[in-house]
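Structure first, commentary second.
Protein chains: 2
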Amino acid sequence: MAGKLQPQRRSGCPVSISLEILGDRWSLLIVRDMMVRGYRTFREFQHSGEGIATNILADRLHKLEAAGILTVEPAADDGRSAHYRLTPKGIALAPVLLELLFWAAHHEETAAPCEFIAQMEQNRAAVLAETYRRWEQRDPTPLIPPFSPRANPKTTNSPKGKAKR
Amino acid sequence: MAGKLQPQRRSGCPVSISLEILGDRWSLLIVRDMMVRGYRTFREFQHSGEGIATNILADRLHKLEAAGILTVEPAADDGRSAHYRLTPKGIALAPVLLELLFWAAHHEETAAPCEFIAQMEQNRAAVLAETYRRWEQRDPTPLIPPFSPRANPKTTNSPKGKAKR
DNA sequence: ATATTTAACTTGCGAAATGCAAGTGATATT
DNA sequence: AATATCACTTGCATTTCGCAAGTTAAATAT
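The listed protein sequences derive, respectively, from chains H and G. Note that this note's numbering has the first sequence beginning at 33, numbered continuously upward. Note that this note's numbering has the second sequence beginning at 33, numbered continuously upward.
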C-alpha cells in the first residue's frame, strides 16, 4: 500500500540509478526466479534455494512493485495466493542478468557447466528472444534448471518444524 | 591485509554468486569510475559525485581487491598516493555495466542523452572494444564524461571546511 | 460442520552494515 | 618549519538484515 517514492537520486548517472533500485543481494535474484524459472508465488521465491527471509522477501517484492518492475494480482484459482509477474521494465533486465551469469561463470567457481555457458554465449540473441517469448506467453517452464538443486537445505520457517502446539 | 575469504556460498548459481560479490549500492560504482572515467586514486573515487563515505570506500576497495577485481600499488610519483587498477576479472564486468546503463537509460529518468545511448546500443561491440583498449593501454581519458557534473555537492570531509584550527 | 493445513505475510529482536563527522599519520609543498 | 594533502581509521547514531515466531484468511481434510 505504501507507495514510497524515491526521495532523491544521488546523481543522474544511469548506472548509479540502476544500483539504487537493484543494488542489494536479493532483488535481482527474485527477478531471476521470475524470468528463468517461471516462479510466480511468494512461496516459490521463498524456497528457491538461497534462503531469503520472509520479511526481506516481502519488502523486496513491495519495492520492486513500487519501482514498476513487477505487478501482483490475486491468483484466479486460489484466494490465498497471489501471482507476481514481471512488467516490460522487469523483463528488460534480461541482458543484465545474462551478463552477470556469464561473468561469474567465467571468473568464479559456479555450478554452471562450462559447455552450457559457452553455448548460451554463442546464442545470446536467441536466449534473450526465448526469454522474452516465455514472458509474453506466460510460459512457466524453466528456461534454465536451477543449478545445484539442493544448495541450502535450511529455510526460514521450515515446514519441517510442524507447529509444535 | 586481512584477506578474508568467502565463508560459503548460498548456492552455485552464477547470478547468486555475482550478487554476493557485487550486490550493494557502491561496488559497481567504483568499477564504473575506474572503467569509464579512468579514476585511479582514493581521492578521485571519493569525489566522483555520489558522495560515498570514506570508511565505506575503503571497505569496498578492500573487498574488491580480495575478490580479485582490482589491484593496488603505490603511486610512482607520490609516496602518499596509491593507484587502483582493474584486473582482467574486473574489466570483464564491462558488459554488465553497459547493460545496467542501457536499462536505466530506457526505464528511468537519467541524465544520459537518448541520442548518445542509442548510438552506444548500436555499437555495443565497439564500445566494449574501446573500453578494453583503454584498460590495456592504461589510457585514463574518460570514455564517457560524468553525467550531470555537479550532482551531489555535499561530500564527507568536504574540502570546503578548511580545517578550522 | 469442525479441525487442520497452507499461503502470505507481520512482528520482535539481536547483529551487522551504513552514514556522518572527526581524527591520525605519513608524505609533499610552501 | 609550518602547513596542506592523501589515504585512511575511529566513534557513534541510525538503518537494515537475518532469524524465529506469530497472525489472518482461505482451502482442505475429517
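In this text, a Cβ means the ideal position worked out from N, Cα and C, and glycines have one as well.
Proximity of residue i and residue j at Cβ, strictly below 9 Å
{"i": "Tyr71(G)", "j": "Ile123(G)", "result": "no"}
{"i": "Arg42(G)", "j": "Ser50(G)", "result": "no"}
{"i": "Leu132(H)", "j": "Pro172(G)", "result": "no"}
{"i": "Leu125(H)", "j": "Trp135(G)", "result": "yes"}
{"i": "Leu118(G)", "j": "Met152(G)", "result": "no"}
{"i": "Gly44(H)", "j": "Thr142(G)", "result": "yes"}
{"i": "Arg174(H)", "j": "Arg92(H)", "result": "The amino acid occupying residue 174(H) in the given sequence is Pro; Arg does not appear at that position. No; because the gap between Cβ atoms is not below 9 Å, this pair is not in contact."}
{"i": "Asp56(G)", "j": "Asp56(H)", "result": "yes"}
Residues near residue i by beta carbon distance below 8 Å, same chain, minus five either side
{"i": "Ala137(G)", "result": "Ala144, Cys146 and Ile149"}
{"i": "Leu89(H)", "result": "Trp58, Ile62, Phe74, Phe77 and Gln78"}
{"i": "Pro127(H)", "result": "Leu160"}
{"i": "Ala107(G)", "result": "Thr73, Ser113, Ala114 and His115"}
{"i": "Glu162(G)", "result": "Leu175"}
For residue i, the nearest candidate out of the options (CA to CA)
{"i": "Gly83(G)", "options": "Arg69(G), Ile62(G) and Gly100(G)", "result": "Ile62(G)"}
{"i": "Glu97(H)", "options": "His115(H), Val68(H), Glu131(H) and Phe134(H)", "result": "His115(H)"}
{"i": "Leu54(G)", "options": "Ala107(G), Asp109(G) and Ile101(G)", "result": "Ile101(G)"}
{"i": "Thr103(G)", "options": "His94(G), Asp109(G), Gly111(G) and Asp110(G)", "result": "His94(G)"}
Buried or exposed (CB count within 10 angstroms, at least 16 for buried), residue i
{"i": "Pro120(H)", "result": "exposed"}
{"i": "Ala157(H)", "result": "exposed"}
{"i": "Asp65(G)", "result": "buried"}
{"i": "Glu168(G)", "result": "exposed"}
{"i": "Glu140(H)", "result": "buried"}
{"i": "Gly111(G)", "result": "exposed"}
Paired residues, beta bridge with residue i - DSSP
{"i": "Leu118(G)", "result": "Leu102(G)"}
Same chain, Cβ closer than 7 Å to residue i, five either side skipped, listed in chain order
{"i": "Ala99(H)", "result": "Ile53"}
{"i": "Arg166(G)", "result": "Leu175"}
Cβ shell of residue i (< 6 Å), same chain only, five flanking positions each side left out
{"i": "Gln154(G)", "result": "none"}
{"i": "Glu202(G)", "result": "Only positions 33 to 197 of chain G appear in this structure, which leaves residue 202(G) out of reach."}
{"i": "Leu60(H)", "result": "Leu54"}
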